[in-house]
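Beneath this line is the structure, given in structure tokens, with notes to follow.
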Amino acid sequence: MTAPVRNDPTIVNVALGARSYDIVIGRGPLASLGARIAALRPGAKAVIVTDDNVARYHLEPAEAALRHAGVASSRVIVPAGEASKSYRVFEQVCEAVIASRIERGDLAIALGGGVIGDLTGFVASVVRRGLDYVQVPTTLLADVDSSVGGKTAIDSAHGKNLIGAFHQPILVLADTALLDTLPEREFRAGYAELVKYGLLGDADFFAWLEKNWRDVFAGASARDHAIAESCRAKAAIVARDERETGDRALLNLGHTFGHALEAACGFSDRLLHGEAISAGMALAFEFSARRQGLLPMAEAKRAIRHLAEVGLPTRLRDIAGPLPSVDQLMELIAQDKKVKRGMLTFILVRSIGAAFIEAGVDAREVRVFLSEKLAER
Ligand SMILES: NC(=O)c1ccc[n+]([C@@H]2O[C@H](COP(=O)([O-])OP(=O)(O)OC[C@H]3O[C@@H](n4cnc5c(N)ncnc54)[C@H](O)[C@@H]3O)[C@@H](O)[C@H]2O)c1
Ligand SMILES: [Zn+2]
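Add 18 to the 1-based position in the sequence shown for our numbering, that's all there is to it.
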């Protein structure tokens with residue numbers, strides 16, 4: 019057996035002044051976790067927060083990497099799944115972190131997907147009035163989206179991510195080999211967020227993905243390249259607009275329709291977040307193409323063809339089971355977005371790679387469009 023090739027990782031910096039940090043991307047850098055932490059915060063202890071799926075595969079290697087660099091660590095394991103972004107689990111993790119004698123200068127490490135990243139980041143933002151934390155993403159979605167940018171949250175009975183804080187990590191270590199144990203469906207769902215960066219701002223990256231997506235799924239250097247490109251795109255947007263007062267909203271391409279569909283499916287395994295975003299982006303492209311002079315229909319079809327080709331849902335009929343009426347879908351959209359004088363804000367597209375924020379979308383126009391789409395099912 020030949021040893022796997024270990025190239026030097028790619029480093030992408032998130033430029034936020036005193037809160038700047040590196041994203042380290044490659045196959046294998048988990049082994050350097052302890053050394054990187056010791057260099058950033060000499061003498062600090064760490065508490066690793068993870069879920070029971072991730073713990074099975076990746077907790078021991080992470081602990082070994084800390085031990086080798088002399089970083090003392092403890093662990094907190096929570097149940098896998100969105101339900102862990104709750105007050106109850108938040109409280110348990112806060113208490114466990116305090117019980118492990120983590121002091122102000124010590125660190126939390128989020129080892130997991132977006133659920134663990136959001137939960138751990140929020141815990142770190144409040145325990146002892148703020149601890150530093152490190153993101154070690156283990157899903158594709160977390161690699162390209164949730165681990166970067168400092169949005170942390172848990173869920174409220176009124177909706178997802180309503181209790182949270184902006185709290186930037188001090189390091190993101192994206193070891194792409196950790197994705198080898200990720201179920202294919204989860205990988206594919208994360209791919210929707212990855213291709214989003216091409217669709218919203220980089221036509222060349224989208225064209226590259228059209229040619230190379232099979233290699234991205236298979237692993238190796240194409241996967242690392244695609245993750246690094248996505249992190250560069252997200253880092254640039256976050257550096258321009260950390261608190262989403264402007265441009266950062268572009269990252270919500272496909273999310274207005276997507277969130278409504280996700281909610282309609284009860285945030286269940288029926289439709290994963292990335293799957294909902296794929297269908298939502300397909301709808302956003304078609305909706306853009308219908309508005310006068312915006313986007314050629316052929317271009318919308320090209321975007322949708324790629325999403326369908328990788329096996330992501332693009333039509334309402336791709337979503338199994340019943341969907342609510344157009345009234346209920348409009349209600350879900352209104353819960354997600356403020357409707358001002360009958361107008362909604364949407365991320366629309368002029369072409370592949372050129373998304374923009376449109377504040378004046380008539381809710382009636384959206385309703386007509388969605389009724390047609392529901393009728394096509
Ligand atoms: N903070 C942000 O900017 C941001 C952005 C996007 C999404 N999010 C949040 O991210 C969450 C979704 O994240 P996700 O899709 O990563 O879900 P997740 O964290 O629930 O992970 C998905 C599933 O994969 C398992 N898993 C994770 N890594 C694995 C691995 N390497 N091998 C085997 N199994 C593994 C998990 O245990 C879980 O069952 C949502 O709560 C969403 O709100 C946050
Ligand atoms: Zn998303």
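For each residue, glycine too, the CB sits at the ideal point set by N, CA and C. Note that the structure is a prediction, hence the values are computed from the model and not measured.
Buried or exposed for residue i, please, with buried defined as at least 16 other CB atoms from any protein chain shown within 10 angstroms of its CB.
i, result
"residue 356", "exposed"
"residue 187", "buried"
"residue 20", "Note that residue 20 scores 48 on pLDDT, short of 50, meaning its location in the model is unreliable; the coordinates nonetheless yield the value given after this. Counting Cβ neighbours within 10 Å, residue 20 comes out exposed, since fewer than 16 surround it."
"residue 201", "exposed"
"residue 32", "buried"
"residue 38", "exposed"
"residue 256", "buried"
"residue 348", "buried"
"residue 304", "buried"
"residue 124", "buried"
"residue 251", "buried"
"residue 60", "exposed"
"residue 345", "exposed"
"residue 169", "buried"
"residue 391", "buried"
"residue 307", "buried"
"residue 8", "The question about residue 8 has no answer here: the residues shown for the chain are numbered 19 through 395."
"residue 315", "exposed"
"residue 29", "exposed"
"residue 386", "exposed"
"residue 103", "buried"
"residue 153", "buried"
Per DSSP, what kind of secondary structure is residue i in: helix, strand or coil?
i, result
"residue 19", "Any reading at residue 19 must be qualified, since the residue scores a pLDDT of 44, below 50, and its modelled position is unreliable; the value itself is stated next. If DSSP states are grouped into helix, strand and coil, residue 19 belongs with coil."
"residue 366", "strand"
"residue 310", "coil"
"residue 91", "strand"
"residue 174", "strand"
"residue 184", "strand"
"residue 69", "strand"
"residue 98", "coil"
"residue 396", "The chain is shown from 19 up to 395; residue 396 falls before or after that span and cannot be answered."
"residue 33", "coil"
"residue 61", "coil"
"residue 391", "helix"
"residue 26", "coil"
"residue 165", "coil"
Over what stretch of residues does the beta strand (DSSP E) that includes residue i continue unbroken?
i, result
"residue 270", "Careful: residue 270 lies outside any beta strand (DSSP E) and carries neither H nor E."
"residue 376", "372-380"
Starting from residue i, trace the alpha helix (DSSP H) in both directions and tell me its first and last residue.
i, result
"residue 105", "105-117"
"residue 321", "315-327"
"residue 42", "From DSSP, residue 42 is part of no alpha helix (DSSP H) but of the beta strand (DSSP E) over 39-44."
"residue 79", "78-86"
"residue 287", "Looking at the DSSP string, residue 287 is not in any alpha helix (DSSP H), and its letter there is neither H nor E."
Touching by the beta-carbon criterion (3+ pairs, under 8 Å), the segment 216-225 and the segment 170-184: no
Give, in chain order, every unbroken run of the alpha helix (DSSP H) that is at least 4 residues long and sits entirely within the segment 186-263. 202-219, 221-236, 238-258
Every unbroken alpha helix (DSSP H) inside the segment 121-157 [4 residues or more]: 132-144
Indicate whether the contact test is met: 3 or more Cβ pairs, each with one atom in the segment 69-85 and one in the segment 126-145, closer than 8 Å. yes
Taking one C-beta from the segment 328-348 and one from the segment 291-300 each time, how about it: are there three or more such pairs within less than 8 Å? yes
Please specify which runs of the alpha helix (DSSP H), each continuous and at least 4 residues long, are wholly inside the segment 339-363, giving them in chain order. 344-354
Are the segment 190-199 and the segment 154-163 touching by the rule of at least three beta carbon pairs closer than 8 Å? yes
With contact counted as at least three CB pairs below 8 Å, one residue from each stretch, are the segment 299-315 and the segment 360-378 in contact? yes
Should the segment 96-108 be called in touch with the segment 41-50, which here means at least 3 C-beta pairs below 8 Å? no
At least three beta-carbon pairs within less than 8 Å, the segment 256-267 to the segment 276-289: no
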